[in-house]
Every structure is written in C-alpha cells, then in structure tokens.
Amino acid sequence: MKLSIGPIQYFWERQQVLEFYQQAATSSAEIIYLGEVICSKRRLLTTDDWLAIGMELRQAGKEVVLSSLTLLEAASELSALKKLCRNDTFMIEANDTSAIQLLSDAGRDFVTGPAINIYNQRSLQLLARKGLKRWVLPVELGLDTLEDLQARRPLGVETEVFALGRLPLAYSARCYTARSHNLPKDDCQFKCLDYPDGRMLKTREDQAFLILNGIQTQSALTHQVLRLVPELKALGVDVLRISPQSEDTFRIIDIFDAARRTRHTAPLEEALVKLLPLGACNGYLVQQAGMNYASGAADDL
Amino acid sequence: MELVCPAGNLPSLKAAVDNGADAVYVGFKDDTNARHFAGLNFSGRTFEKAIQYARDRGRKVFVAINTFPQPWGFDRWQSAVDRAADHGVDALILADMGVLDYASTRWPRLRLHLSVQASVTTAEGIRFYYENFGIRRVVLPRVLSVNQVAHVIKESPVPVEVFGFGSLCVMVEGRCLLSSYATGRSPNTYGACSPASHVRWEETGDGTNTRLNGVLIDHYGEGEKAGYPTLCKGRFQVGEHTFYALEEPTSLNTLSILPKLKQIGVRAVKVEGRQRSPAYVAQVTAVMRAAIDHCMQDPQGYRPQERWMQELSNVSEGSQTTLGAYHRPWQ
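Residue numbers (the working numbering), protein chains in the order written: chain C, 9 to 309; chain X, 2 to 332.
Written out as structure tokens, the structure is:
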C-alpha cells in the first residue's frame, strides 16, 4: 500500500510551501499531489513554480500529480484549467467534471479527487472507459460500499482513500473567511493567509464544529483511519492519502508508514491523535455520522 | 422562459398546474430523490393521476431521480428510471453518472435533464454529460453570478435552467456533506439535508435551543421566532463574534433580475420547494407566472410589483429574500 500527500487545502506563505515540499521529497510518501484546489485568488505560487516543485520531487523518486481547482466559476478559471490540462509532464487529478472532459477529450489518463461523486460501480466503469487510472473514495462513503466497489473494480484502476485530514465537506460561491472578517470576496485581503489550518467555527456552546477555509468548509475534527489500515489493505486499497496540516504532517506520515507494516495499530494511534489540532473522527468509514469517533477493534466497529 | 414548479403531492401538483406552471417536477416515495421526507412524494396510482392531470392541461411532468446510489441500492434507482419512462414522463432529472449511463442506454429516446446535484458550473462540464448521455438541459448550481451564467449559456451545448425562487443552498449542490457529517444522512446518500429525524427542539430557561444530532445549531431568546435547524443557516461563533457565519435564514428571489435572465438566454426558471405546502406552491407559481408574463411582454418596462415581492417574502425563510450568488457582493 502506498502513501500519498494530498494537495495543500490552505493558503500558506510561499516559503512555507517550498519548505513543505523539500521535506516531502525525503518522506516515505510515494505520491505527491500539487497545486491550488480551493481558490484561484491564491497565487503566491505560479503554475511554473508548481511544475518546478514537481520536477524536483520526481527527481527524488516521487510520483507527482497536479490537482485541479474544485469549484470553477469564472471564465478565467476554466482557461487556467485548459492550460493545466494541456501540460502533459504530470498526471492530473480532476476535481471537477470540466477537467474530466478536457482530459478524456485529449486522450489522457487521469485521477479523480474526493469531490468527484463516484458512488457506484457503473460510474466507476464509465470513468475507467474515459481514462481513469486512480480514484479517491468520496469521503462520506463507508467500508461496506468500498468493499462492494473493490469487488468489481475495473482493471487497471487504483483506489485511494482519504486517510487523514480535516474532511472537505462543502464548497460555495461565498468566501466564509472573508465573511468572518466582514469583507466581500472581491476584497478579501487574503485573510486566509492568517489561518494556515483554516479558521475555527464553534457552536454557541463552544463545541469546535467546522473550519472555514475560504470558499471551502471542513470538519473541525481530523478524520483518521489508522486503526482501519489492515482492513483497507485487505480490501485491496492501493493508496492512503494524508492531507497536509501546517504542523506535524511528516510525523503523521511516519506513523502511517509504520501502520502499513503492522496489524497492531493501537499504540500508533495513541501517538497520532496527539498530533491532531482538535481531535479525531472516523464515523464515515464505519457508516456513521462523519463527526463520530468509533474506537475499539476494527471488527467491532 | 419556461416556469418549472415543485410538487411533493397531488394537491401541490394541481396547484402548480392551475396557477400557470409550464412543467412540474416530482419525485418517488424513496431515497432516489433529494426531497426524501416522510409523507411526501408520489407512488402508484397517485403518480398516474398526477401525470394525467398535467397532461390533460398541456403541462409537462419531470421526475427527479437525483441522488447518488451506492452499489447495494442501484437496482432501486434503475427501477425508478424504468417506472418514470414507462409512464411516458416528459423528462428525468438525473445527477449520478451511473444512473445517467443506465437511463441513456436503456431509454435512448427519453429526455434527460442534468440535475443541480451534478454540480456542473462550466460549459466543459456540461459537454461531458451531453456527449456521454445526451442530456438536453442542465440545471445550474446556485453559485454563479449572472455574468457567469451568461458565459456558460453562450458556450453550452444545451439549454440552461436556473433557480428563480426558494430556499437557498449556499453550498454547491451535490458536493455538500455538512448534513452527513453531523447526522450520517446527506442529500447525496439519503435525499435529505438536516433530516427531521435528528432534530431536537429544547426549551431552556431563556428561550429555545435547536439541535441537529446533538450539535447546537442555534439558540433563540424569549420572543425570538425559532427556525428549523438547517445546518448552514444557524448562528455560530467565529473569533469573537456570534453570527450567521454561513448564511442567514433567507430565500432566493430573482424577480428583480428576470429581464436579465431572459436577455442572457435562460431557458427555464425553477422554483424550489417540493417539501412545501400546496398553498406555497399556488402562491409562488402565481407570482412567478405573472412576473414572467410581464417580463416577456415588456422586458424594458418590467418592474417587480410590490405585491409580488410581499407575497414571496411571506413564504420565504426568515421572511427575507436575496439574490444570492447572482449578485456579486453577496459572495
């Protein structure tokens, strides 16, 4: 089973991004997804910067995938996507149907990210005919559905599971980070830069509930499937995705690296949970509310 | 511009037809559609009566089968498609690629519309569904500004339908998991957002709490009217402020931009609300009919009438309306 580093969901300073990928080059993750997936106004790195980072990571032996924007609205965003899809140096992760169309039109293989709704066999088969080489299980689906889909998976298609990270829950036209500062999206003053792990939204009784990340809404809890790694391996899952957080991502990758080599994940989980800013959840994979945290042996979940 | 109105039962369908809807959209009584609520929707004889009622009066019936089946449920979505096709409905409104693939293969002559739940916001995305499944109309998510809608229409291979009135989803439809994060049930998987089964109203010493699976969505003081705890329309704390962090309880209302929608080539305007009462359907349909007729006859002279705005605001969430993402500053 391989490990991947998903695209950075947040808006980080340029230097922080460059340093992050220097560390990624020597990490035990085999696959690295690069690029801006949330907001086209986040441009501290240009397409050429991303390509340069990609080349360095490739030289370090990594498989590099360029991730496309998740919600396209402006014509300029579609133009940028077209340009991205014309570049054939790296495989593309399509995060929107526009990208699937452009890539399949061009006869290019592609990956689909977690926001592409592949909920059943027929969708998976259709996309396999279009050039799908790897898909990420939509995060709200559970092990039972994954098992069904794995049982009749098209040949040559790899399965990736979102294994650790704040859950990408929703996308909007509205920028919630700007709104939380009483600013319109068109004059957001790049407030996202102040929140390298997103801005917390709490209920009126102080329960950490959601994270505002520009136009994206995430879970406040960090989804993590460490204890289920042996089950995912048994189901033939090919890749586990770690979604970057501003601190400790590489310690987390080390823990998952250890987890893929053992059946005894419990001691590792103790160490892992300490690295998560607001605690863990894993309900989705066991067919529950996503915010639930089911502990105990995997068989009992 | 065609007027497409919702119906969750036969009286609502009749209300829509009698008040001037060109088409009415309905769903079956199960999780194959995105308004899967107890006591709502159509089956058996009622479905036949609904189609007959509309057809006798020269109106169309569309059937929404717009949730995302998982492998163990796929048969149910297939039979929903077959049932609708057998009854000769005017169009299916579909979202899932697998269901679209089935419907376009099994019923190649049946008219397919792409549901808002498919989250398509660009002409390239529309082209994917057009080339693979032959869709003949697309319903756009409520995330584009009017200028962006105009751009999509210009490039789209098929006509475009947009939302004209009703409860406002502030997240792009089909990609919002907030409800299943809190409750395990989402529009995609279950056909309901913030489901009533998980709602709790709680009297406190100083008012009312509304909860969704235990999560406090809002607190209302004495004398404040408590609203249904739709997750994205609660008051939360961000930094030092407590406010409607995602969106106020409000409804979309496009009466003021109808001439613009006409001018950019919108083919159909849709009203949200299959879960609402026949009285809501009657009232909204009548206002939208009058407004569209005025707009078509005299786009330059058209102004939304005060009476229409009042009637729509009376049936709106929180009694207020917005242009939503159509109007750039909202974003």
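For glycine and all other residues, C-beta sits at the position ideal for the given N, C-alpha and C.
The model shown is predicted, which means the values in this text are computed figures rather than measured ones.
Cross-chain neighbours of residue i in chain C, by beta carbon under 7 Å
i, result
"residue 330(X)", "192"
"residue 149(X)", "81, 82"
"residue 114(X)", "Per Cβ cutoff of 7 Å: no residues; residue 114(X) is ~16 Å from chain C at best."
Closer than 7 Å at the beta carbon, the chain X residues around residue i
i, result
"residue 108(C)", "129"
"residue 104(C)", "126"
"residue 153(C)", "71, 72"
"residue 76(C)", "Correct list: empty, because the minimum Cβ distance to chain X is about 11 Å."
Alpha helix (DSSP H) segment containing residue i, residue limits
i, result
"residue 166(X)", "First-last for residue 166(X): 161-168, but that is the beta strand (DSSP E), not the alpha helix (DSSP H)."
"residue 295(X)", "279-298"
"residue 155(C)", "151-159"
"residue 16(C)", "Element bounds for residue 16(C): n/a, residue is neither H nor E."
"residue 46(X)", "45-57"
"residue 202(X)", "Counting along the chain, residue 202(X) falls outside any alpha helix (DSSP H), though it belongs to the beta strand (DSSP E) covering 200-205."
"residue 259(X)", "259-264"
"residue 133(X)", "124-134"
"residue 73(C)", "Residue 73(C) -> not in any alpha helix (DSSP H); beta strand (DSSP E) instead, spanning 71-75."
"residue 258(C)", "257-267"
"residue 309(X)", "307-315"
"residue 240(C)", "237-242"
"residue 156(X)", "147-156"
"residue 184(X)", "179-184"
Residue burial classification, residue i (beta-carbon count within 10 angstroms, cutoff 16)
i, result
"residue 291(C)", "buried"
"residue 219(X)", "buried"
"residue 208(C)", "buried"
"residue 20(C)", "buried"
"residue 308(C)", "Because residue 308(C) carries a pLDDT of 48, less than 50, the predicted location of this residue cannot be relied on, and no value is offered for it."
"residue 272(C)", "exposed"
"residue 250(X)", "buried"
"residue 167(X)", "buried"
"residue 2(X)", "buried"
"residue 315(X)", "exposed"
"residue 156(X)", "exposed"
"residue 293(X)", "buried"
"residue 145(C)", "buried"
"residue 49(X)", "exposed"
"residue 306(C)", "Only weak support exists for where residue 306(C) lies, its pLDDT of 49 falling under 50; the coordinates are left without a value."
Residues that residue i contacts on chain X, provided the C-beta gap is smaller than 8 Å
i, result
"residue 210(C)", "237, 238, 239"
"residue 217(C)", "216, 237"
"residue 92(C)", "Per Cβ cutoff of 8 Å: no residues; residue 92(C) is ~12 Å from chain X at best."
"residue 177(C)", "177, 178, 179, 182"
"residue 156(C)", "71, 72, 73"
"residue 207(C)", "239, 240"
"residue 86(C)", "123, 124, 125"
"residue 131(C)", "97, 98, 99, 102"
"residue 188(C)", "239, 240, 242, 246"
Range covered by the beta strand (DSSP E) that runs through residue i
i, result
"residue 216(C)", "216-221"
"residue 273(C)", "Careful: residue 273(C) lies outside any beta strand (DSSP E) and carries neither H nor E."
"residue 249(C)", "247-250"
"residue 61(C)", "That residue, residue 61(C), is in no beta strand (DSSP E); its alpha helix (DSSP H) goes 55-67."
"residue 208(C)", "207-210"
"residue 253(X)", "252-254"
Partner residues on chain C for residue i, Cβ-Cβ distance less than 9 Å
i, result
"residue 326(X)", "81, 180, 181, 182"
"residue 121(X)", "104, 105, 106"
Contacts of residue i in chain C (Cβ-Cβ under 8 Å)
i, result
"residue 181(X)", "148, 292, 297, 298"
"residue 145(X)", "81, 181"
"residue 220(X)", "212"
"residue 152(X)", "83"
Residue i: contacting residues in chain X (beta-carbon distance under 9 Å)
i, result
"residue 134(C)", "98, 99, 101, 102, 133"
"residue 249(C)", "Correct list: empty, because the minimum Cβ distance to chain X is about 16 Å."
heavy atom of the ligand FAD below 6 Å from residue i C-beta
i, result
"residue 117(C)", "Absent from the structure shown: the ligand FAD. Ligands present: none."
Against chain C: residues of the stretch 185-208 of chain X by CB proximity under 8 Å
185, 187, 189, 190
Can you pull out the residues from the stretch 90-103 of chain X whose beta carbon lies closer than 9 Å to at least one beta carbon of chain C?
96, 97, 98, 99, 100, 101, 102, 103
Taking beta-carbon pairs under 7 Å, can you tell me which members of the stretch 52-82 of chain X lie near chain B?
Absent from the structure is chain B; the protein chains it does hold are C and X.
When Cβ atoms are compared, which residues of the stretch 241-252 of chain X fall closer than 8 Å to chain C?
242, 243, 246, 247, 248
At a Cβ cut of 8 Å, what residues of the stretch 160-177 of chain X count as close to chain C, listed as they run along the chain?
171, 172, 173, 175, 176, 177
Using a Cβ-Cβ cut-off of less than 7 Å, list which residues of the stretch 111-129 of chain C approach chain X; keep chain order.
123, 125, 127, 128, 129
Could you tell me which whole beta strand (DSSP E) segments of length 3 or greater appear in the stretch 101-136 of chain C?
118-120
Quick one: which residues of the stretch 28-41 of chain X get their C-beta closer than 9 Å to a C-beta of chain C? List them in chain order.
none
Could you tell me which uninterrupted alpha helix (DSSP H) segments, each at least 4 residues in length, are contained entirely in the stretch 61-103 of chain X, listed from first to last along the chain?
75-87
Cβ-based contacts, 8 Å cut-off: residues of the stretch 218-250 of chain C near chain X:
218, 220, 225, 227
Please list, in chain order, the residues of the stretch 18-42 of chain C that have any C-beta partner in chain X closer than 8 Å.
none
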